[in-house]
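Step one of this worksheet: look at the structure below.
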Amino acid sequence: MKKQVWYTALATLSIITATATGCNKKEAVDSGSQKAPTADFNFTIGANTALPVSVQFTNTSKNATSYSWDFGDGTTATTADVQHTYKAGGSLKVKLIAYNNFGKDSMMKELGIAGGEESPVAWQEHWGEHAQLVKRMYVSNNVAVYYDDDVNRVVTWPFDFFDNVWSYTKRVYGDFGKNISKDDRLYVILHTDKYYGGHPAGYVDDSHDYRNVIDLGASGGKNAWVDKAGWNIGASVHEIGHIVEGCSYGVKESPAFDIWGDSKWAEIFVYDVFKGVGLTTEAASTYDECMNISDTYPTAGSQWFRDWFYPIYSKYGESKALAKFFQLLSQYFPKSKFDAVYLYDRRMNMGEFIHFYSGAAGTNLQPLAAKAFGWNSDWTTQLNNARSAYASITYSGSGDALVIPGADVNITTSSTFTVSQENAGGATASEGSNQLLDNNADTKFSAGFTSGFTFNFQLKSAAAVNSYTLTSGDGDSSNDPKTWTFEASNNGNSWTKLDEQTTQWFPGRKQFRRFRFSNTNTYQYYRLVVNSTRGSSNIQLSETGIWKTN
Numbered sequence: 025m026k027k028q029v030w031y032t033a034l035a036t037l038s039i040i041t042a043t044a045t046g047c048n049k050k051e052a053v054d055s056g057s058q059k060a061p062t063a064d065f066n067f068t069i070g071a072n073t074a075l076p077v078s079v080q081f082t083n084t085s086k087n088a089t090s091y092s093w094d095f096g097d098g099t100t101a102t103t104a105d106v107q108h109t110y111k112a113g114g115s116l117k118v119k120l121i122a123y124n125n126f127g128k129d130s131m132m133k134e135l136g137i138a139g140g141e142e143s144p145v146a147w148q149e150h151w152g153e154h155a156q157l158v159k160r161m162y163v164s165n166n167v168a169v170y171y172d173d174d175v176n177r178v179v180t181w182p183f184d185f186f187d188n189v190w191s192y193t194k195r196v197y198g199d200f201g202k203n204i205s206k207d208d209r210l211y212v213i214l215h216t217d218k219y220y221g222g223h224p225a226g227y228v229d230d231s232h233d234y235r236n237v238i239d240l241g242a243s244g245g246k247n248a249w250v251d252k253a254g255w256n257i258g259a260s261v262h263e264i265g266h267i268v269e270g271c272s273y274g275v276k277e278s279p280a281f282d283i284w285g286d287s288k289w290a291e292i293f294v295y296d297v298f299k300g301v302g303l304t305t306e307a308a309s310t311y312d313e314c315m316n317i318s319d320t321y322p323t324a325g326s327q328w329f330r331d332w333f334y335p336i337y338s339k340y341g342e343s344k345a346l347a348k349f350f351q352l353l354s355q356y357f358p359k360s361k362f363d364a365v366y367l368y369d370r371r372m373n374m375g376e377f378i379h380f381y382s383g384a385a386g387t388n389l390q391p392l393a394a395k396a397f398g399w400n401s402d403w404t405t406q407l408n409n410a411r412s413a414y415a416s417i418t419y420s421g422s423g424d425a426l427v428i429p430g431a432d433v434n435i436t437t438s439s440t441f442t443v444s445q446e447n448a449g450g451a452t453a454s455e456g457s458n459q460l461l462d463n464n465a466d467t468k469f470s471a472g473f474t475s476g477f478t479f480n481f482q483l484k485s486a487a488a489v490n491s492y493t494l495t496s497g498d499g500d501s502s503n504d505p506k507t508w509t510f511e512a513s514n515n516g517n518s519w520t521k522l523d524e525q526t527t528q529w530f531p532g533r534k535q536f537r538r539f540r541f542s543n544t545n546t547y548q549y550y551r552l553v554v555n556s557t558r559g560s561s562n563i564q565l566s567e568t569g570i571w572k573t574n
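With positions in the sequence shown counted from 1, the corresponding number in the working numbering is that position plus 24.
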């Protein structure tokens, strides 16, 4: 990483117009001649790698004979073109007055230079497909919130929400950048009807100008970010969780990522944050949702939240145990110095993962891991090696047994399966409905969507189904189901609602999720009725299934 302070030019941000009050005014004096000057200028920021930052100002005024520059930092100049050096960052208003014998005219533009206390008033995105000039709506010592031009300006809940969330995050996991003289604010960027989904970046990433960033896009036009609920807050906090796992305690990378993948750590993080900032209803909803999520890693049917994270969280110190895992990683896991920060040398194996988490919990978690994920001889070898290699991490006890409910039995193959609208190429096409039952998350079903879209199961004989599973597709998340009901019938005409889900989201691609409900009645017909997607006119899923419990 380069030792540098990044800056952003805001040439298009603000050209101040005339006002009746005289504030922020564009002055013009004209004796009636057509030769009065018209003031204007451009600027180019030099390739400085640290403060001070050099900016070339180029006069483009017309009919002017003399000039007066005010660079916004207390310095001035009178030449036509000038190269000026800024010794501190911040939001600066640069003013040029152009004169001739017939009058004068002025132009003011706003320039943002990061490196001072102030975040830029506008920020030009320059990562991936993102290319918006986003405007700062709110700033504090904790956060800076930016909207693109399509986000409804009546939306203000993100200001206090992210301020509180980031403040809580830093209380639990320490600062994120201040230790190496970086801005430790959280920079929140919200988009409407573009860049769907979200991504994070940390203060160790040059891609986002060495800032802690979450950048999210939602569909819905003027209503996209109106609600402080559901995906709007869940996905946002999820992305903050990636910042924590990727650069906490001054070390870049996530050694456990290959083990818990994209979302498993975020589930317990989101639950704890909601609980920590007093959003008890949202915390309870997250708990209910995550207790039913099942995944294929590290073994098929793994329920990370229910069988691993929540038992550790609830019994061994809650957020303290979560934070201590990252503290132990930063202390003991192999890393190398890279400029101002450290970088983990590699990802960890399962035995190391269990050893470090046992250290965080203060008790041997091997029995818990065996009940949550199963066990094999390779993991035994890895765990014994980890105990030897990282002997400074100590703990006692034998771990806690976890009560596992009765086994879930997939009865999908005992049914005739159809969809209300087939893929244009038919059921056997590469994205036809047959792909939903092939036990392969790398394939998917895709079709045009209208509200009331159904996935239909007709069993050969009636059974008491009490869960169903959905695996998200690998395409854009706007194609994912958002609201739906799960219904049952014994004649295919009269339906009983067994489960209902609203404002659901799949944080990861090809993510397996289970939805449980209480049911002891047997039915021959079952169907999933999808009422809305996350914004697309198409719908996608990789896998689906219906299950009973022995």
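We put the beta carbon where it would ideally sit given N, CA and C, even for glycine.
All values derive from a computational prediction rather than experimental measurement.
With DSSP as the reference, identify every bridge partner of residue i, one or two as the case may be.
i, result
"SER491", "ARG540, TRP571"
"VAL275", "TYR366"
"SER420", "THR387"
"ILE121", "SER92, SER130"
"SER513", "TYR549"
"ASP286", "Looking at the DSSP assignment, ASP286 forms no beta bridge with any residue, so it has no partner."
"TYR170", "ARG160, ILE213"
"HIS154", "TRP151"
"TRP508", "GLN525, VAL554"
"THR62", "LYS86"
Is it right to say residue i is buried, meaning 16 or more other beta carbons lie within 10 angstroms of its own, or is it exposed?
i, result
"GLU277", "buried"
"GLU153", "exposed"
"GLN80", "exposed"
"ASP363", "exposed"
"GLY456", "buried"
"SER195", "In the sequence as presented, Ser is not what sits at residue 195; that position holds Arg. Per the 10 Å Cβ criterion, exposed."
"ASP187", "buried"
"ALA347", "buried"
"LYS1", "The requested residue 1 does not occur in the structure, where the chain is confined to residues 25 to 574."
"ARG533", "buried"
"ASP172", "buried"
"CYS47", "Note on CYS47: pLDDT 35, under 50, position unreliable in the model; the coordinate value appears next. It is exposed - the Cβ of CYS47 has fewer than 16 other Cβ atoms within 10 Å."
"LYS339", "exposed"
Quick one: grab the DSSP three-state call for residue i.
i, result
"GLN148", "strand"
"MET374", "helix"
"SER191", "helix"
"GLY300", "helix"
"ILE336", "helix"
"ALA465", "coil"
"TYR197", "helix"
"ILE213", "strand"
"PRO224", "strand"
"LYS361", "strand"
"THR109", "strand"
"LYS202", "helix"
"VAL250", "coil"
"ASN176", "coil"
Specify, as a first and last residue, the run of the beta strand (DSSP E) that residue i falls within.
i, result
"ILE238", "236-242"
"LEU392", "It is not in any beta strand (DSSP E) - LEU392 instead sits in the alpha helix (DSSP H) that spans 390-397."
"PRO531", "That residue, PRO531, is in no beta strand (DSSP E); it is neither H nor E in DSSP."
"TYR162", "157-163"
"SER470", "469-472"
"GLN80", "77-83"
"ASP233", "Careful: ASP233 lies outside any beta strand (DSSP E) and carries neither H nor E."
"THR68", "65-69"
"GLN564", "562-565"
"PHE329", "Counting along the chain, PHE329 falls outside any beta strand (DSSP E), and DSSP gives it neither H nor E."
"ASP432", "432-434"
"SER143", "Counting along the chain, SER143 falls outside any beta strand (DSSP E), and DSSP gives it neither H nor E."
"THR103", "No beta strand (DSSP E) contains THR103, which DSSP labels as neither H nor E."
Apart from the five residues on each side of it in sequence, which residues of its chain come closer than 8 Å, Cβ to Cβ, to residue i?
i, result
"VAL365", "MET25, ILE204, VAL228, CYS271, GLY274, VAL275, LYS276"
"THR109", "PRO76, VAL77, SER78, VAL79"
"ASN561", "Contrary to the premise, residue 561 reads as Ser rather than Asn in this sequence. Excluding residues within five positions, the ones whose Cβ falls inside 8 Å are GLY472, PHE473."
Along the chain, where does the alpha helix (DSSP H) containing residue i start, and where does it finish?
i, result
"HIS266", "254-271"
"ALA410", "401-413"
"THR310", "304-314"
"SER354", "343-356"
Going by beta carbon distance, what residues of the same chain come within less than 6 Å of residue i, once the five residues before and after it are set aside?
i, result
"ASP64", "THR84, SER85, MET131"
"SER90", "TYR123"
Which residues in the same chain as residue i place their Cβ atom closer than 7 Å to its Cβ, once the five residues preceding and following it in sequence are excluded?
i, result
"LEU522", "PHE510, GLU511, ALA512, PHE541, ASN543"
"GLY201", "ASP207, ASP208, TYR227, ASN236"
"THR557", "PHE473, SER502, ASN503, ASP504, PRO505, LYS506, ILE563"
"ALA155", "GLU149"
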